[in-house]
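Per UniProt numbering, the very first residue in the sequence shown carries number 1; after that it's consecutive.
Every residue, glycine too, gets a C-beta built ideally from N, C-alpha and C.
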Amino acid sequence: MDDRMNKSDKDEMEKEKATVATDDEPEINYRGWKAMPFIIGNETFEKLGAIGTLANLLIYLTTVFNLKSITAATMINIFNGTTNFGTLVGAFLCDTYFGRYKTLGFATAASFLGLQAIQLTAAIPELHPHRCAAKESGECEGPTAGQLAFLLMGLGLMIVGAGGVRPCNLAFGVDQFNPKTEAGKRGIDSFFNWYFFTFTFAQMVSLTLIVYIQSNVSWAIGLGIPATLMFIACVVYFVGSKIYVKVKATGSPMTSVAQVIVVAIKKRKLKPVEQPWLSLFKFLDKAAIVTPQDEIKGDGSPADPWRLCSLQQVEEVKCLFRVLPIWASQIMYCVTLVQLHTYAVFQAVQSDRRLGNSNFKIPAASYVVFMMLSLTIFIPVYDRAVVPFLRKIRGKEGGITILQRIGIGMFVSIFTMLVSGMVEQHRRSIALTKPTLGVVPRKGAISSMSASILIPQFILGGLTEAFASIGLIEFYYKQFPENMKSIGGSLFYCGLAGSNYFSSLLIFIIHRTTNRTATGNWLEEDLNKGRLDYYYYIIAGLGILNLGYFLLCASWYKYKGNSDNTPELELHVNGEKQQSDKP
């Protein structure tokens with residue numbers, strides 16, 4: 001790397017290592033790229049460990065723990081939902097109490113213990129049920145209370161780990177660079193590239209090599225590899241401890257949000273501020289109204305932020321409330337993505353997964369890799385070809401607005417479910433009318449339809465992520481002020497959590513409702529006896545309703561910075577107007 005640097009770059013790197021100090025802050029010694037081997041190394045091994053276990057966990061629960069498909073899918077959805085919601089708790093604890101270094105260290109260690117516990121359930125016979133010998137949909141011995149408790153302990157530790165790692169790892173890497181120097185800014189940009197490269201690399205290896213070992217060699221070895229990789233991640237992380245920049249906890253923006261809501265409720269009987277263009281937020285404005293009982297410091301700030309809030313705090317909370325209707329539409333949109341990681345895998349299980357004319361079978365969970373490949377390939381095409389073309393036609397910097405990009409992704413998600421339903425209808429028809437290729441234990445006959453026909457729905461899933469998921473992340477990032485970026489990042493994970501929980505609820509409702517109908521249960525253990533295609537069509541229908549709701553919200557939404565959305569701020573003090581940016 002040094003050979004490619006010119007003299008100015010080297011000079012900038014020297015500045016990067018220089019100490020930075022102010023009257024109020026201690027010296028900060030930014031080590032920049034010297035810390036990256038440890039941080040990126042930790043990232044790589046941590047992702048390989050976590051994804052290497054989670055990628056095939058659905059199959060593990062149905063084949064080793066003998067859980068029914070509907071139970072395993074529900075468990076995975078609840079686990080993923082709790083993991084995603086855990087990021088909000090992790091971000092709060094990190095920002096308020098522990099800081100990123102301690103949170104990451106504890107979370108990585110917790111992840112290792114969780115992975116090791118799950119590996120032990122495969123390695124020790126007493127920790128999982130006896131192997132099921134039943135064919136087709138026969139009953140098998142399920143896990144005992146103790147076996148299930150040990151497995152849930154491992155999953156619980158992984159939730160704790162993910163809750164600390166996800167909101168902190170990217171920010172901790174950025175902390176190592178001086179954002180006030182050119183070298184630091186370039187280092188941050190390069191770190192982002194390396195971060196997403198490690199994520200892509202981990203998914204590729206996990207969905208192919210590690211999943212193959214788990215499915216075809218040994219579950220004990222296949223789950224032991226991710227646990228070992230996570231242990232290496234712990235070691236690499238702590239080895240670099242002496243050179244990290246460790247930013248102390250300064251408080252969570254969630255506290256400020258809570259203060260505004262609490263104070264607004266306390267002052268709910270006060271006359272609202274007369275600003276009709278902010279009529280939707282009159283209630284929140286009350287949090288900044290000064291009463292005779294409120295004390296103000298000499299610098300103009302509230303003495304007790306739980307009794308009086310600044311106008312800046314109120315405006316920041318309004319940013320959150322403006323975004324929430326758009327966020328609500330993410331929940332239904334992401335239900336499509338949830339199906340591609342659960343029931344689409346079950347489709348692959350009962351399809352012909354042989355590679356060509358050979359006897360080599362592609363693991364069912366490995367088909368998800370086509371979703372990732374679609375996303376990875378389309379992003380540069382979109383950035384280098386589609387955006388410039390749209391920019392010339394429409395004259396907008398991004399070609400289309402962020403909300404338009406999200407809307408396109410939601411439309412593609414509807415199409416994804418329609419294609420999934422048609423493919424499942426075709427797979428089931430072949431299984432029922434043509435010779436099958438054997439039987440999957442406890443499930444049913446394997447359709448002679450090639451599993452490669454499932455690839456288009458995964459490709460469409462990658463495209464919908466390229467538009468909607470990335471668009472949502474960009475939307476949350478750009479629509480919040482700087483000190484609320486962590487809330488913006490957590491919103492995306494909370495949307496995923498809502499999708500996981502809603503998907504579990506939908507499975508429960510469909511299962512209970514259709515189980516008493518003449519057509520039979522749509523979500524049977526044996527897909528050939530169920531109607532999974534109808535389930536996909538239901539989700540497509542809900543997606544159409546959700547798209548209509550999103551378009552309505554998008555038509556009302558005003559982007560941050562729009563002059564029509566940033567009226568002059570005023571305070572009411574004892575009934576008199578005062579222009580101010582502080583109470």
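- Here Pro125 is exposed. Its C-beta has fewer than 16 other C-beta atoms within 10 Å.
- For Gly49, the enclosing alpha helix (DSSP H) begins and ends at Met36 to Leu54.
- Per DSSP, reduced to three states, the secondary structure at Ile400 is coil, with no helix or strand assignment.
- One Cα belongs to Ile159, the other to Pro388, and the distance between them is close to 41 Å.
- The DSSP-derived three-state label of Pro380 is helix.
- If you draw a straight line from the Cα of Val257 to the Cα of Ile265, it is about 13 Å long.
- Runs of the alpha helix (DSSP H) lying entirely within the stretch 272–338 and spanning at least 4 residues, in chain order: 282–285.
- Scanning its chain for C-beta atoms nearer than 6 Å, with the 5 sequence neighbours on each side dropped, one finds around Ala122 the residues Trp219, Ala220 and Leu223, in chain order.
- The beta carbon of Tyr534 lies closer than 6 Å to those of Trp522 in the same chain, with the five residues before and after it left out.
- From the listed residues Leu93, Gly161 and His128, the smallest Cα separation to Phe150 is found for His128.
- Take Met371, set aside five residues on each side of it, and the residues of its chain with a beta-carbon closer than 8 Å to its own are Leu340, Phe458, Ile459, Gly461, Gly462 and Glu465, in chain order.
- One alpha carbon belongs to Leu155, the other to Lys267, and they sit about 44 Å apart.
- For Thr74, the uninterrupted alpha helix (DSSP H) run begins and ends at Ser69 to Leu93, by DSSP.
- Pairing Ile406 with Lys102, the inter-Cα distance amounts to about 36 Å.
- Distance from Ala431 to Ala348 at the Cβ level is roughly 13 Å; contact not present, criterion being Cβ atoms closer than 8 Å.
- Put simply, the backbone Cα of Asn169 is about 20 Å away from that of Ser469.
- Using a Cβ distance threshold of 8 Å, Ala540 and Gly398 do not count as a contacting pair.
- For Arg100, the enclosing alpha helix (DSSP H) covers residues Gly99 to Ala123.
- Our two residues, Ser486 and Gly395, have alpha carbons roughly 32 Å apart in a direct line.
- DSSP places Gly142 in the coil class of the three-state scheme, outside both helix and strand.
- Residue pairing by DSSP places Arg531 opposite no residue, since no beta bridge is assigned to it.
- Sixteen is the threshold: since fewer than 16 other Cβ atoms of the shown chains lie within 10 Å of the Cβ of Val381, the residue is exposed.
- Thr200 is the residue among Thr200, Asp294 and Pro325 whose C-alpha sits nearest the C-alpha of Ile379.
- Residues of the same chain with a CB within less than 7 Å of the CB of Leu120, apart from the 5 flanking positions on each side, are Leu127 in chain order.
- In the DSSP assignment, Lys485 falls within the unbroken alpha helix (DSSP H) covering Lys485 to Thr514.
- DSSP places Lys361 within a strand segment (E or B) once states are collapsed to three.
- In this structure, Gln203 places its C-beta atom within 8 Å of the C-beta atom of Ile51.
- Listed in chain order, the non-local C-beta contacts of Thr87 below 7 Å within the same chain comprise Gly163, Arg166, Pro167, Ser490 and Tyr493, local neighbours out to five positions each way being set aside.
- Rounded to the nearest whole angstrom, the CA to CA distance from Arg516 to Lys529 is 14 Å.
- When the five nearest sequence neighbours on each side are left out, the beta carbons in the same chain lying within less than 6 Å of the beta carbon of Leu496 are those of Asn84 and Cys334, in order along the chain.
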